[in-house]
Amino acid sequence: MKLEMSGQTVAKPGEERHWVSSFYPVRGRTQEVIGIGVFVSEITERKRAEAALREQAEAVAETARQKDEFLAMLGHELRNPLAPIRTALALLRQCGSLNPVALRAHDVMDRQITHMVRLLDDLLDVARITNGRINLTMQQVDVRQVVAEAIDSVRGLIDARHHQVETALPPGPLIVRGDVTRLVQVVVNLLNNAAKYTDEHGTIRVTAATEHAHAVLRVTDTGTGIPARLLPKIFDLFTQDDRTLDRAQGGLGLGLTLVRRISELHGGTVEARSEGRGRGSEFIVRLPLAGAEPVASVPDTDLSEVSRPSIRCLLVEDNVDAAQMLQCALELHGHEVRLAFDGCDAVDAARAFKPDAVVLDIGLPRMNGYDVARAIRLLPGLADVIIVAVTGYGQDADRRKSCEAGCDHHLVKPIELNQLLRVLGAGRAVSSRQ
Numbered sequence: 000m001k002l003e004m005s006g007q008t009v010a011k012p013g014e015e016r017h018w019v020s021s022f023y024p025v026r027g028r029t030q031e032v033i034g035i036g037v038f039v040s041e042i043t044e045r046k047r048a049e050a051a052l053r054e055q056a057e058a059v060a061e062t063a064r065q066k067d068e069f070l071a072m073l074g075h076e077l078r079n080p081l082a083p084i085r086t087a088l089a090l091l092r093q094c095g096s097l098n099p100v101a102l103r104a105h106d107v108m109d110r111q112i113t114h115m116v117r118l119l120d121d122l123l124d125v126a127r128i129t130n131g132r133i134n135l136t137m138q139q140v141d142v143r144q145v146v147a148e149a150i151d152s153v154r155g156l157i158d159a160r161h162h163q164v165e166t167a168l169p170p171g172p173l174i175v176r177g178d179v180t181r182l183v184q185v186v187v188n189l190l191n192n193a194a195k196y197t198d199e200h201g202t203i204r205v206t207a208a209t210e211h212a213h214a215v216l217r218v219t220d221t222g223t224g225i226p227a228r229l230l231p232k233i234f235d236l237f238t239q240d241d242r243t244l245d246r247a248q249g250g251l252g253l254g255l256t257l258v259r260r261i262s263e264l265h266g267g268t269v270e271a272r273s274e275g276r277g278r279g280s281e282f283i284v285r286l287p288l289a290g291a292e293p294v295a296s297v298p299d300t301d302l303s304e305v306s307r308p309s310i311r312c313l314l315v316e317d318n319v320d321a322a323q324m325l326q327c328a329l330e331l332h333g334h335e336v337r338l339a340f341d342g343c344d345a346v347d348a349a350r351a352f353k354p355d356a357v358v359l360d361i362g363l364p365r366m367n368g369y370d371v372a373r374a375i376r377l378l379p380g381l382a383d384v385i386i387v388a389v390t391g392y393g394q395d396a397d398r399r400k401s402c403e404a405g406c407d408h409h410l411v412k413p414i415e416l417n418q419l420l421r422v423l424g425a426g427r428a429v430s431s432r433q
């Protein structure tokens, strides 16, 4: 039997010390127990080391928690100013034909906003994946659809750099089991990388095939290539090639890290190949093939044709610029819009206006968006009103909070206008995972 004891000694009063005592029977010649032996060992240093390790682990956990909170706040604060800019650009498109100079300026701003949003998404996604806080919605996915969606997503960058994209895909389905959104993100990041590191008028080739029970996706470019010294660490966090002072390629060095982490979460691998400077590069993603089940379609990105009957919409947003821009855009599409700039006014406006839908910011003065959603649900005649949370907070925990508060959808700023129009047109049938 062992017994741990703590206390102080006369030799060192005021100092806590620790011992462990082991008790064992003392037996005589005929094995009868004639006494009890005690062996005492001092374990003070071990106890101190254990306490130091616990404190260190607690400090690391607290640092990680603070980092997550900071990144969430950073994403929210940086997304907020982008929302009215993106809506204003959509309004410019809808208000009439633009002359060539204005159209070019519009397209440049739109591409740069998209680029900023992707940088933010990459930064936040790396933090989530590193901490194991990313949830995958696994289903059967056709790799051909993933490639098509990814190419469409980066079309602006590819066209701006005058690249040619070639594809070689199988005639029939190539099915893997995975999260549609994350798999599209893998291919988007590879295409972005190829487009950025290939001089204008280059060629990017995307192929997919079956090899040894795996779907194998290859993205090849005619770009600057990868130095041999960089190949072993190309997927490491914040790794980038040498840069000139103009930082022509831009980025944070996160895209390829996400490609590897997401591929590994799907039970796959990724590797990079290059014959060196000026010889282009090839990235190869291998994912396990799936069995026969219903195949999930990648969401259609052309939302402009969605039927949207006129509705009464309450728009709650404390950023006046964002509220007014979104109001103009929704009114151009035939909707009747009322504004509220804080939580308490939102509840009063909902009571008087009786909206069909509420577009609701979460970070509001006087009453936060979650409490507003709960209060509106309790108003007479509004139990079934469509509530769309539109916020800069996009982590899984934020989406759960929106759902628990009674929101039907959770959209992350800066939203695409067509995305919001589709949600309003489809009502509660659209997945709140958006």
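Just so we're aligned: 300 in numbering that gives the first Met the number 0 is position 301 of the sequence shown, and the numbers increase by one with no gaps anywhere.
C-beta atoms are modelled at their ideal positions from N, C-alpha and C, and glycine is treated no differently.
Nothing here was measured: the structure is a model prediction, and the numbers come from that model.
Residue i versus the options, residue with shortest Cα-Cα distance
i, options, result
"serine 40", "Val19, Val107 and Gly275", "Val19"
"leucine 236", "Asp220, Leu253 and Thr221", "Leu253"
"alanine 159", "Pro172, Leu135, Arg143 and Gln111", "Gln111"
"serine 273", "Leu119, Gly424 and Gly224", "Gly224"
"leucine 81", "Val269, Leu119 and Gln144", "Leu119"
"isoleucine 310", "Ile128, Ala388 and His334", "His334"
"proline 287", "Arg276, Val269, Ser280 and Arg278", "Val269"
"proline 364", "Cys343, Asp106, Leu378 and Ala374", "Cys343"
"phenylalanine 22", "Phe38, Arg373, Arg399 and Arg78", "Phe38"
"proline 231", "Val187, Leu255 and Asp397", "Leu255"
"glycine 74", "Leu423, Pro413, Val107 and Ala147", "Pro413"
DSSP three-state assignment for residue i, whether helix, strand or coil
i, result
"valine 183", "helix"
"leucine 135", "coil"
"leucine 329", "helix"
"arginine 432", "The pLDDT assigned to arginine 432 is 35, lower than 50, so where the model puts this residue is not dependable, and the model offers no usable value."
"glutamine 30", "coil"
"aspartate 198", "coil"
"proline 435", "Residue 435 lies beyond the range of the chain shown here (0 to 433); nothing can be said about it."
"leucine 77", "helix"
"phenylalanine 69", "helix"
"proline 12", "coil"
"glutamate 274", "coil"
"glycine 95", "coil"
"arginine 427", "With a pLDDT of 46 at arginine 427, under the threshold of 50, the modelled position of this residue cannot be trusted, and the question is left open."
"asparagine 318", "coil"
"leucine 255", "helix"
"leucine 236", "coil"
"alanine 247", "Bear in mind that a pLDDT of 45 at alanine 247, under 50, signals an unreliable position, so the model cannot answer this."
Beta carbon proximity, residue i to chain B, threshold 8 Å
i, result
"valine 32", "As a matter of chain content, chain B is missing from the structure shown, which is built from one protein chain."
Beta-bridge partners of residue i, as assigned by DSSP
i, result
"arginine 337", "Leu313"
"phenylalanine 38", "Ser21"
"serine 280", "Asp220"
"arginine 285", "Val215 and Thr268"
"aspartate 141", "Ile174"
(Q) Using 8 Å as the cut-off, can you tell me whether the stretch 205–214 makes contact with the stretch 313–320, which would need three or more C-beta pairs spanning the two stretches below that distance? (A) Not touching, per the Cβ criterion.
Q) What are the uninterrupted segments assigned as alpha helix (DSSP H) that are 4 or more residues long and contained completely in the stretch 344–424, given in chain order? A) Complete alpha helix (DSSP H) runs here, min 4: 368–376 and 395–404.
Q.
For the structure I just gave you, are there three or more beta carbon pairs, one from the stretch 160–168 and one from the stretch 111–126, closer than 8 Å?
A. No contact exists between the stretch 160–168 and the stretch 111–126.
Q | Cβ contact check for the stretch 399–406 and the stretch 369–381: 3 or more pairs under 8 Å | A | Yes, they touch.
Q: List in chain order: all unbroken beta strand (DSSP E) runs of 3+ residues lying wholly within the stretch 204–232.
A: Annotation note: the stretch 204–232 contains the following uninterrupted beta strand (DSSP E) runs of length 3 or greater, listed N- to C-terminal: 213–220.
Q: Check whether the stretch 377–393 touches the stretch 406–416, taking contact to mean three or more Cβ pairs, one atom from each stretch, closer than 8 Å.
A: They touch, by the three-pair rule.
(Q) If we require 3 or more residues per run, which beta strand (DSSP E) segments fall completely within the stretch 146–170? (A) Listed in chain order, the complete beta strand (DSSP E) runs (minimum 3 residues) inside the stretch 146–170 are 163–167.
Q | Three or more C-beta pairs below 8 Å linking the stretch 130–147 and the stretch 168–184 | A | Cβ pair count under 8 Å is three or more, so yes.
**Q.** contact_flag[the stretch 345–353, the stretch 320–327] where n(CB pairs < 8 Å) is 3 or more
**A.** As far as the Cβ criterion goes, the stretch 345–353 does not touch the stretch 320–327, which means the pair count is below three.
**Q.** Sufficient close CB pairs (3 or more, under 8 Å) joining the stretch 354–364 to the stretch 381–389
**A.** By the Cβ criterion, the stretch 354–364 is in contact with the stretch 381–389, since at least three pairs of Cβ atoms, one from each stretch, lie closer than 8 Å.
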